[in-house]
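Protein chains in written order, with the UniProt record's numbering: chain H, 1 to 326; chain X, 1 to 326.
No residue lacks a Cβ here, since even glycine has one placed at the ideal position from N, Cα and C.
Protein chains: 2
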Amino acid sequence: MTVTIYDVAREAKVSMATVSRVLNGTAVVKEDTKRRVLDAIAKLGYRPNAVARGLASKKTRTIGVIVPDVSTAFVAEVVRGIEDIATMYDYQIILANSDAQVKREVDLIGTMWEKQVDGLVYMTDRLVKEHVDGFEQAQIPVVLCATEDPERRIPSVNIDNRRAGRDAAHFLLDRGCRRIAYATVPEGRSVLADRRGSGVASCVPEGHLVRIECPDGRYETALTAIQKALQEHPVDGIVAATDELGLASIHAVQDLGRRVPDDVKVIAFDNTRLATMVRPEMSVVAQPMYDFGAVSMRLLTKLLQDEPVDTYTVTLTHDIVERQST
Amino acid sequence: MTVTIYDVAREAKVSMATVSRVLNGTAVVKEDTKRRVLDAIAKLGYRPNAVARGLASKKTRTIGVIVPDVSTAFVAEVVRGIEDIATMYDYQIILANSDAQVKREVDLIGTMWEKQVDGLVYMTDRLVKEHVDGFEQAQIPVVLCATEDPERRIPSVNIDNRRAGRDAAHFLLDRGCRRIAYATVPEGRSVLADRRGSGVASCVPEGHLVRIECPDGRYETALTAIQKALQEHPVDGIVAATDELGLASIHAVQDLGRRVPDDVKVIAFDNTRLATMVRPEMSVVAQPMYDFGAVSMRLLTKLLQDEPVDTYTVTLTHDIVERQST
DNA sequence: CTGTTAGCGCTTTCAT
DNA sequence: ATGAAAGCGCTAACAG
Numbered sequence: 001m002t003v004t005i006y007d008v009a010r011e012a013k014v015s016m017a018t019v020s021r022v023l024n025g026t027a028v029v030k031e032d033t034k035r036r037v038l039d040a041i042a043k044l045g046y047r048p049n050a051v052a053r054g055l056a057s058k059k060t061r062t063i064g065v066i067v068p069d070v071s072t073a074f075v076a077e078v079v080r081g082i083e084d085i086a087t088m089y090d091y092q093i094i095l096a097n098s099d100a101q102v103k104r105e106v107d108l109i110g111t112m113w114e115k116q117v118d119g120l121v122y123m124t125d126r127l128v129k130e131h132v133d134g135f136e137q138a139q140i141p142v143v144l145c146a147t148e149d150p151e152r153r154i155p156s157v158n159i160d161n162r163r164a165g166r167d168a169a170h171f172l173l174d175r176g177c178r179r180i181a182y183a184t185v186p187e188g189r190s191v192l193a194d195r196r197g198s199g200v201a202s203c204v205p206e207g208h209l210v211r212i213e214c215p216d217g218r219y220e221t222a223l224t225a226i227q228k229a230l231q232e233h234p235v236d237g238i239v240a241a242t243d244e245l246g247l248a249s250i251h252a253v254q255d256l257g258r259r260v261p262d263d264v265k266v267i268a269f270d271n272t273r274l275a276t277m278v279r280p281e282m283s284v285v286a287q288p289m290y291d292f293g294a295v296s297m298r299l300l301t302k303l304l305q306d307e308p309v310d311t312y313t314v315t316l317t318h319d320i321v322e323r324q325s326t
Numbered sequence: 001m002t003v004t005i006y007d008v009a010r011e012a013k014v015s016m017a018t019v020s021r022v023l024n025g026t027a028v029v030k031e032d033t034k035r036r037v038l039d040a041i042a043k044l045g046y047r048p049n050a051v052a053r054g055l056a057s058k059k060t061r062t063i064g065v066i067v068p069d070v071s072t073a074f075v076a077e078v079v080r081g082i083e084d085i086a087t088m089y090d091y092q093i094i095l096a097n098s099d100a101q102v103k104r105e106v107d108l109i110g111t112m113w114e115k116q117v118d119g120l121v122y123m124t125d126r127l128v129k130e131h132v133d134g135f136e137q138a139q140i141p142v143v144l145c146a147t148e149d150p151e152r153r154i155p156s157v158n159i160d161n162r163r164a165g166r167d168a169a170h171f172l173l174d175r176g177c178r179r180i181a182y183a184t185v186p187e188g189r190s191v192l193a194d195r196r197g198s199g200v201a202s203c204v205p206e207g208h209l210v211r212i213e214c215p216d217g218r219y220e221t222a223l224t225a226i227q228k229a230l231q232e233h234p235v236d237g238i239v240a241a242t243d244e245l246g247l248a249s250i251h252a253v254q255d256l257g258r259r260v261p262d263d264v265k266v267i268a269f270d271n272t273r274l275a276t277m278v279r280p281e282m283s284v285v286a287q288p289m290y291d292f293g294a295v296s297m298r299l300l301t302k303l304l305q306d307e308p309v310d311t312y313t314v315t316l317t318h319d320i321v322e323r324q325s326t
């Protein structure tokens with residue numbers, strides 16, 4: 001029924017050990033016998049059973065990928081980056097969504113442990129002790145992706161979010177904006193969004209900054225939250241924590257009868273495809289989403305095969321792309 | 001080092017078989033011994049090794065998910081649906097991107113086979129013989145997701161695309177449009193897009209339909225393709241095969257100095273978040289993206305546990321959401 | 001209700 | 001350069 005390594009061995013008139021050797025290139029095999037083995041494999045349509053291999057070798061060539069939600073443009077792009085590099089190094093990925101719920105995340109770490117993944121690429125809004133404990137207990141190499149570890153114990157790939165926040169604010173300030181709003185999710189929800197906020201705050205004069213909290217970061221709810229805030233606190237520049245909030249900002253401004261970028265300039269974070277598909281096209285602090293994934297995965301492969309690593313905390317560069325909203 | 005079922009057995013003073021029983025609920029165990037086993041498990045921090053389990057039981061509780069590209073809004077949403085239901089039934093998913101390249105797809109089927117996945121949720125633009133051969137050779141239960149099998153040999157979940165195309169065209173016709181364009185990808189690239197096109201064509205009078213082929217389905221390239229086509233063939237209604245093409249259509253119309261929906265009405269397929277985040281908000285033939293994934297996965301679980309299935313070819317309903325672009 | 005014993009299909013010494 | 005044999009950690013008969 002299922003073809004095993006024994007069947008191949010018999011067909012090629014060698015021992016299974018030899019078949020294993022040609023399969024893994026784990027030792028030199030005489031050219032002639034190698035041919036026979038390869039022929040037998042082809043003839044029988046043999047496929048090595050990765051599960052058996054994983055049990056015997058204690059390596060599954062599988063990486064766990066835990067993210068808040070793949071259906072999000074940002075995350076989806078990151079996952080693509082992860083998967084591409086994983087493929088390149090002959091790893092497969094097990095993908096799981098956590099909705100950024102600690103309970104679920106801890107469960108998932110346990111599941112990945114049971115699945116014997118070789119490593120983990122981990123993405124969350126807020127790294128807490130439970131996560132770190134989970135990683136340690138499971139003894140799995142982890143790379144945090146677009147996720148900061150305040151104590152820098154765990155390898156991670158990020159941009160400099162505080163600096164990016166400053167850059168965004170300066171960008172607006174340089175173009176004459178005086179009163180700036182930062183549209184974001186509620187404090188404490190996302191470490192990164194908060195850090196960007198601190199960057200923005202650090203260069204806007206006291207009293208000239210208004211923080212607009214959008215309940216869940218979604219366009220629809222953000223739209224009304226921003227409109228309301230704008231009526232109470234008129235501003236001439238908005239930094240938005242995500243593209244979706246940026247778009248909500250633009251529309252909120254327009255709905256109030258004011259113009260973008262003439263009356264109010266808007267710059268958003270991320271640079272998902274959304275930013276270029278709307279009118280006015282949105283100026284952004286572009287994040288290297290694909291690279292977050294790709295670099296994280298690459299770092300993980302290094303960790304897994306003990307390659308030398310120069311930084312365990314890599315910082316990718318962000319850059320500002322000016323378009324029509326500023 | 002690693003805690004095994006033997007360690008638990010010793011700690012609880014029972015045999016490993018008993019531990020296995022309480023773990024899997026595969027036989028009745030005396031309440032008292034069960035307690036001891038559970039205590040031992042907790043004390044040792046034992047986690048069953050899913051790989052060993054998979055080898056012994058020939059079931060991995062892992063599902064392979066092959067998609068063209070997760071970074072796409074449509075696919076990302078589908079994958080979310082798949083993963084949610086998989087979680088619900090205690091399956092994990094191995095995700096892989098094929099970029100709709102047959103060669104890569106066939107490779108992936110092989111990889112999934114080696115990984116011993118229990119089943120496959122498969123998404124592609126165009127199902128060909130190589131795929132079907134791959135499924136058969138690997139002997140893996142497959143559900144096609146938002147992917148049609150012309151010969152209906154393989155279980156699948158779809159909407160009625162031809163009908164949806166008709167509905168879209170009628171929607172425009174009913175609102176007074178006379179000359180209709182169908183903005184889509186090149187013929188043969190996507191079976192679904194073609195089928196929708198045939199639906200549109202079936203209700204627009206001969207000579208009143210213009211087909212606009214957008215080289216790769218991306219907004220940027222589509223924008224110029226549509227502008228060009230519109231200059232040569234003025235229309236008063238456009239059906240777009242995806243949200244992205246719909247948005248390109250709207251902008252192309254506007255760039256030509258005409259107005260949406262007054263001069264030209266636009267209705268697009270899909271209803272990703274994009275549709276509601278732009279101005280004018282886009283009218284759409286809404287596709288149940290999440291459900292494509294969820295229902296596919298649910299169907300697969302039925303196949304895997306031999307539950308009765310009433311249809312192997314399930315057709316989900318689409319519906320038209322009228323917004324500002326028509 | 002519980003224990004014993006074969007495997008599952010492979011990797012990996014250890015010999016030869 | 002190749003073979004023999006011992007596991008990897010678990011499930012699943014089969015006994016009792």
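If you measure beta-carbon to beta-carbon, which residues of the UniProt domain "HTH lacI-type" (3-57) of chain H are closer than 8 Å to chain X?
Gly45, Arg47, Pro48, Asn49, Ala50, Val51, Ala52, Gly54 and Leu55
Would you tell me roughly how many angstroms separate the C-alpha atoms of Met123(H) and Phe135(X), rounded to the nearest one?
In a straight line, the C-alpha of Met123(H) is about 33 Å away from that of Phe135(X).
Could you tell me whether any Cβ in chain X is nearer than 7 Å to the Cβ of Val79(H)?
yes
If you reduce the DSSP assignment to three classes, tell me which class Thr60(H) lands in.
In this structure, DSSP gives Thr60(H) a state outside helix and strand, which the three-state scheme calls coil.
Are Gly165(X) and Arg211(X) close, meaning C-beta to C-beta below 7 Å?
no
Tell me, please, which residues DSSP counts as bridged to Cys145(H).
Paired residue(s): Val157(H).
Three or more beta-carbon pairs under 8 Å between the segment 111-122 of chain H and the segment 61-75 of chain H, yes or no?
yes
Check the Cβ-Cβ distances between Leu247(X) and every residue of chain H, and say whether any is below 7 Å.
yes
Going along the chain, which unbroken runs of the alpha helix (DSSP H) with 4 or more residues stay wholly within the segment 72-151 of chain X?
Counting only runs of 4+ residues, the alpha helix (DSSP H) found wholly inside the segment 72-151 of chain X occupies 73-88, 102-114 and 129-138, in chain order.
Which residues in chain X sit within 9 Å of Ser98(H), going by Cβ to Cβ distance?
Near Ser98(H) there are no residues of chain X at all, since even the closest Cβ is about 10 Å away, more than 9 Å.
How should Asp233(X) be labelled, buried or exposed, when 16 other C-beta atoms within 10 angstroms of its C-beta is the threshold for buried?
It should be noted that the sequence gives His, not Asp, for residue 233(X). His233(X) comes out exposed.
Measuring CB atoms only, is the segment 137-149 of chain X touching the segment 157-164 of chain X, in the sense that at least three cross pairs come out at less than 8 Å?
yes
As assigned by DSSP and simplified to three states, the class of Arg21(X)
helix
If you draw a straight line from the alpha carbon of Arg153(H) to that of Tyr312(H), how long is it in whole angstroms?
9 Å
Compute the distance between the beta-carbons of Leu304(H) and Gly237(H), then report whether it is under 7 Å.
Taking 7 Å as the cut-off, the Cβ atoms of Leu304(H) and Gly237(H) do not count as close.
What residues from chain X crowd round Glu83(H), counting only those whose CB sits closer than 8 Å?
Val70, Leu95, Ala96 and Asn97
Could you check if Glu83(X) is buried or exposed, using at least 16 other CB atoms within 10 Å of its CB as the buried criterion?
Buried: at least 16 other Cβ atoms inside 10 Å.
Going by beta-carbon coordinates alone, are Ala86(X) and Ile94(X) separated by less than 7 Å?
No, the Cβ-Cβ distance between Ala86(X) and Ile94(X) is not below 7 Å.
So if I threshold CB-CB distances at 7 Å, which residues from the segment 293-307 of chain X count as touching chain H?
none
Selected residue, minimal CA-CA separation from Ile140(H), among Arg189(H), Lys58(H) and Arg179(H)
Lys58(H)
Residues near Glu105(H) by beta carbon distance below 8 Å, same chain, minus five either side
Ile66, Ser98, Thr124, Glu130, His131 and Gly134
Leu274(H) touches chain X at which residues, Cβ-Cβ below 8 Å?
Leu274 and Met277
Taking Cβ positions only, does Ala76(X) come closer than 7 Å to chain H?
Ala76(X) counts as touching chain H.
Lys59(X) CB to nearest chain H CB: under 7 Å?
No Cβ of chain H is located within less than 7 Å of the beta carbon of Lys59(X).
Looking at the secondary structure, which residues open and close the beta strand (DSSP E) in which residue 327(H) lies?
In the structure as shown, chain H starts at 1 and stops at 326, and residue 327(H) therefore has no counterpart that could be examined.
Every unbroken beta strand (DSSP E) inside the UniProt domain "HTH lacI-type" (3-57) of chain X [3 residues or more]:
none
Taking its Cβ as the centre, do 16 or more other Cβ atoms sit within 10 Å of Arg259(H), making it buried, or is it exposed?
Under this definition Arg259(H) is an exposed residue.
To the nearest angstrom, how far is it from the Cα of Ala27(H) to the Cα of Ala40(H)?
19 Å
Counting C-beta neighbours from all protein chains within 10 Å, is the total for Ser15(X) 16 or more, i.e. buried, or is it exposed?
exposed
What does the alpha-carbon distance come out to for the pair Val266(H) and Thr272(H)?
15 Å
So, does the CB of Gln231(X) fall closer than 7 Å to a CB anywhere in chain H?
no
Compute the distance between the beta-carbons of Val19(H) and Val37(H), then report whether it is under 7 Å.
yes
In the structure shown, what three-state DSSP assignment does Asp319(H) receive?
strand
List, in order along the chain, the chain H residues whose C-beta lies closer than 8 Å to that of Lys287(X)?
Strictly speaking, residue 287(X) in this sequence is Gln, with Lys absent from that position. Within 8 Å Cβ-Cβ: nothing; Gln287(X) doesn't reach chain H, min ~14 Å.
9 Å Cβ cut-off: residues of chain X touching Gly110(H)
Arg47
Please list the terminal residues of the continuous alpha helix (DSSP H) segment that includes Leu256(X).
Here Leu256(X) belongs to no alpha helix (DSSP H), and DSSP marks it neither H nor E.
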